[in-house]
Amino acid sequence: PHFIIEFPDQNDAFCFNIDDTPGTIFNLITDPLTGIMVNGQTIGDKKIDPEKTISTYFGRFGIIHAKFGIRLVVTTQDILVSEKGKQAKLFWSENTAIKGPNMDLHVTKDRSLTVTLRNSMKFVIILHKVWNKHPYHQDYLGFYTLDSHLFSERVHGLLGQFFHGVTFEVSDVFQGEDPDKPDAYMFVKGHNLTVTRGWQKDFRKDVKKGENVPCWFIHNNGTGIIDGVIGDYIVSGLF
Amino acid sequence: SVNPPQIEVQNVKIACKVASRFAHTIMTSTALNKANISQEVVFEVELPKTAFITNFSMEIEGKTYVGEVKEKEKAKKQYEAAVSSGQTAGLVKASGRRMEKFSVSVNIAANSSVTFTLTYEELLQRQLGKYELIIRVKPKQLVQHFEIVADVYEPQGIAFLDAYGTFITNELLPLVEKTVTDKKAHVSFSPTLDQQRKCSDCDGTQIDGDFFINYDVKHAEDLGDIQIVNGYFVHFFAPDNLQRLPKNVVFVIDTSGSMSGAKMQQTREALLTILSDLPVEDYFALVAFSSGVVTWRPSLQKATEENVKEAKAFVQTLSANGWTNMNDAVLRAVDLLNVAKEQNTLPENSTSIILLLTDGDPTSGERNPDKIHENVRNANRGNITIFCLGFGYDVKFGFLEVMAKQNNGLARRIYEASDAVVQLQGFYNEISNVLLADVNFHYPDNAVNSVTGRQFNQLFNGAEIVVAGRLNDIEMNDFPIEVSAQSVDNKYVVKGQASAQDWNVIFPEQEYIFGDFTERLWAYLTIQNLLDKKDKGSPEEKQNATAKALELSLKYNFVTPLTSMVVTKPKDEEKQEDKLIADKLTEDERRADAQVGIPAPISRPATSHRTYTSPSVNWVDSD
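Protein chains in written order, with the working numbering: chain V, 983 to 1221; chain P, 366 to 988.
Written out as structure tokens, the structure is:
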């Protein structure tokens, strides 16, 4: 999956890829104080295109809000919601809106799920639909946090660690391997990294074409920009 | 031709993948400069006029210079700068009847190599019952690794496939390997260095000419074949076993002074054969024109033995002199057909065509091209299909092309050569057997969008109609379709359901190639349609068509008349601006060019030592 961390105030962004074997579950957000946790499980292609490298995507998300007793399992097929023992199943094939005391859900048919958790977070999950007879690819999901300012200082995870910002400095732009994508040095979290100017897509407005977001690409699974190593974020279950 | 011989062509590979008639060809060539001075290496290849270049790259010392497709207007500044510097060597030139030559040169340092890669795509058109893939090869020197490899994937099944080359001798014949299974074919040709030699003790190569792959698919009888792939569909319609429609044809023949000599003789000869072959149920008329217009008979005649005999006698009297009054001649032909229709003297369910043959511009009567187009369009009102044949090199082919397009027909150039009679008859054979008229394709609007042309005046015997479009919902795997037309007996209506097939079942062992191909086929067809509309509609329609065609050309990286490919290549140390200009000629500008292309680098002695340092810009253009 591609990760994009935007800094609108600085009009800049950085991005990295996480490559691992399909089926791996990553912790994206953990906030022990608010009781929020978001984990995502990756999927691969149906079979491997001999001309391409193995790609993984998120196929399942598990979201928990311990204090409200809320659990959400979002897959490419359906959305399972449980709140204090009560369960509901929603489908991507229907427009649905649910307004609860602590959570609002809004499903836009075959497109997106917007979740607002009262006084804590707001996020969108995008459904990327792929032709169902496609020999290689299959449907996958994207996760976008819309509002993260109410998380505690202890929030962590592959995404969470950046919710309260990160200080980085880019300098000495120079020609890289690709003449269209200059390299530069980035000083971040005490590391000096060589990064490459590129772009990733934001699919919130247009799920098919996406919108290019220029970003500094950090190589090797985000090594240096993420705390620790990628293995530190692998968890054994969705909850 | 290669002197000094220190440029070694190490590798020439032409790899072609055809999926459902859409051909994707990659030509790769690597050359090594073995000299201890820098030398200029030229890469020349030929590609079919109907193809769009999609990529070009040069790899020199580990660095790749890639062509970039840009809007023509935006690339124009570089073009103008290069023109003003007086360097106007073209990268794309007309070459012969069917091909265009792409050539680029680059200066290569001592003991360095360069790899050129050119990619182009085209939709193979079915003519007289077969598709033809043509690969022109002329490496000019022996090549260490020479290979032509083609894979054809046709889900409908391959009816037959032939592979041959004009340069293939009895000795080379066993090297053409061909494997055809039900839905897939593989063709390869890979002679060794010795096998390429003209003779055992010389360095000349016998690999020089055209390599053809001809094939046909198994055609469904009714609805044709509809393929749904990844949100796009393509409909191939070429039903077998249909009886031909009677036709009403008016031959409009230019007998102006410029036709004198061989052209007039060849025209007479071709007409005599065409008249002999007219089926008795057809109706025909002859209109000859120079300064004035002469009709053989005042109305269309049935092609009886007696009438044909008398028409032939008339043809024998045709001689060339005077000016060219094309306007009145075509209007007379339209009038003949309109009157016959009004008087009900033509067979029911017949189709009407005009075949105009001319070798020059209008020089008598109405001479304003726009006015002639308007006059013909208004008189015809879309009822008659007009085909135009431009004979020789003095004709303004663009003018004829617009007239044909505005009246749902085709224009073809007839090259002045000894085989002009064959060319004339060949074109006539393509269009003379109409199986269906007024062919309409109906797809539900709530299921599909962005469909290419759905209405066709005729389906010719041995041809195929191709319609493509997008599905409103990527998940949709079936939708109803209907085709209606006029057949010889009655109204032809077929209905059915298009449904997506499982490619894993059809080609279980193959890598996935089809999704992208179908989308690109749709884009290719849509651009061709839009470019046609540029010549047909109102000013607003023309503007919209141009904008849409440009958008698609850029999106799919096609070098079309609206885009240019800008190629960055190493800069020459001595020249500040070592720029070449690529100009793809319009039909009017095309000239038969006896030169043939070379799908391999050749060397030219360098005038002095040169090295490349920093990038400069070069470009390939299309018009």
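We treat Cβ as the ideally placed atom computed from N, Cα and C, and that holds for glycine.
Classified as exposed, residue 525 of chain P has fewer than 16 neighbouring CB atoms from the shown chains inside 10 Å of its CB.
At the C-beta level, residue 683 of chain P and residue 633 of chain P come within 8 Å of one another. In this structure, the alpha-carbon of residue 769 of chain P lies about 24 Å from that of residue 685 of chain P. Residue contact check for residue 528 of chain P against chain V: no CB pair falls below 8 Å. Per DSSP, reduced to three states, the secondary structure at residue 472 of chain P is strand. For residue 803 of chain P and residue 671 of chain P, the gap between their C-alpha atoms comes out near 32 Å. A direct Cα-to-Cα measurement between residue 922 of chain P and residue 1218 of chain V gives close to 45 Å. Around residue 842 of chain P, the beta-carbon contacts reaching into chain V at under 8 Å are 1114, 1115.
DSSP, read as helix, strand or coil, puts residue 404 of chain P in strand. Note that the segment 627-645 of chain P does not touch the segment 735-743 of chain P; fewer than 3 beta-carbon pairs, one per stretch, sit closer than 8 Å. Closer than 7 Å at the C-beta level to chain V, one finds these residues of the segment 824-843 of chain P: 839, 840, 842. Using beta-carbon distances, residue 1071 of chain V does not count as an interface residue toward chain P, since no partner is under 8 Å. Flagged as an interface residue toward chain V: residue 865 of chain P, by a C-beta distance shorter than 8 Å. When V:1134, V:1035, V:1008 are compared, the shortest CA-CA separation from residue 1145 of chain V is found for V:1134. Residue 802 of chain P is bridged by DSSP to P:823, P:851. With contact defined as three or more Cβ pairs closer than 8 Å, the segment 459-468 of chain P and the segment 405-417 of chain P are in contact.
Contact annotation: in the segment 672-693 of chain P, no residue has its CB less than 9 Å from a CB in chain V. Within chain V, the residues placing a beta-carbon under 8 Å from that of residue 596 of chain P are 1113, ordered along the chain. With the rule of 3 Cβ pairs closer than 8 Å, the segment 1115-1123 of chain V does not count as touching the segment 997-1010 of chain V. Annotation for residue 735 of chain P: the continuous alpha helix (DSSP H) segment containing it runs 734-745. The segment 779-787 of chain P and the segment 560-574 of chain P do not touch, with fewer than 3 CB-CB distances between them shorter than 8 Å.
Contact check between the segment 688-707 of chain P and the segment 576-588 of chain P: fewer than three CB pairs, one atom from each, fall below 8 Å, which does not count as touching. DSSP places residue 872 of chain P in the coil class of the three-state scheme, outside both helix and strand. Under the 10 Å beta carbon count, residue 746 of chain P is surrounded by fewer than 16 other beta carbons and is classified as exposed. Counting only the Cα atoms, residue 1157 of chain V lies some 10 Å from residue 1179 of chain V. Boundaries of the alpha helix (DSSP H) around residue 793 of chain P: 785-797. A distance below 8 Å separates the beta carbons of residue 509 of chain P and residue 375 of chain P. The shortest CA-to-CA distance from residue 1072 of chain V to any of V:1200, V:1095, V:985, V:1211 is the one to V:1095. Rounded to the nearest angstrom, the gap between the Cα atoms of residue 1102 of chain V and residue 985 of chain V is 22 Å.
Of the candidates P:435, P:654, P:791, the residue whose Cα lies closest to the Cα of residue 726 of chain P is P:654.
The three-state reading of DSSP puts residue 519 of chain P in coil, since its state is none of H, G, I, E or B. Three or more beta-carbon pairs separated by less than 8 Å are not found between the segment 909-920 of chain P and the segment 397-410 of chain P, which leaves the two stretches without contact. Sixteen is the threshold: when 16 or more other Cβ atoms of the shown chains lie within 10 Å of the Cβ of residue 505 of chain P, as they do, the residue is buried.
A check of alpha carbon separations from residue 1118 of chain V across P:425, P:928, P:920, P:867 identifies P:867 as the nearest.
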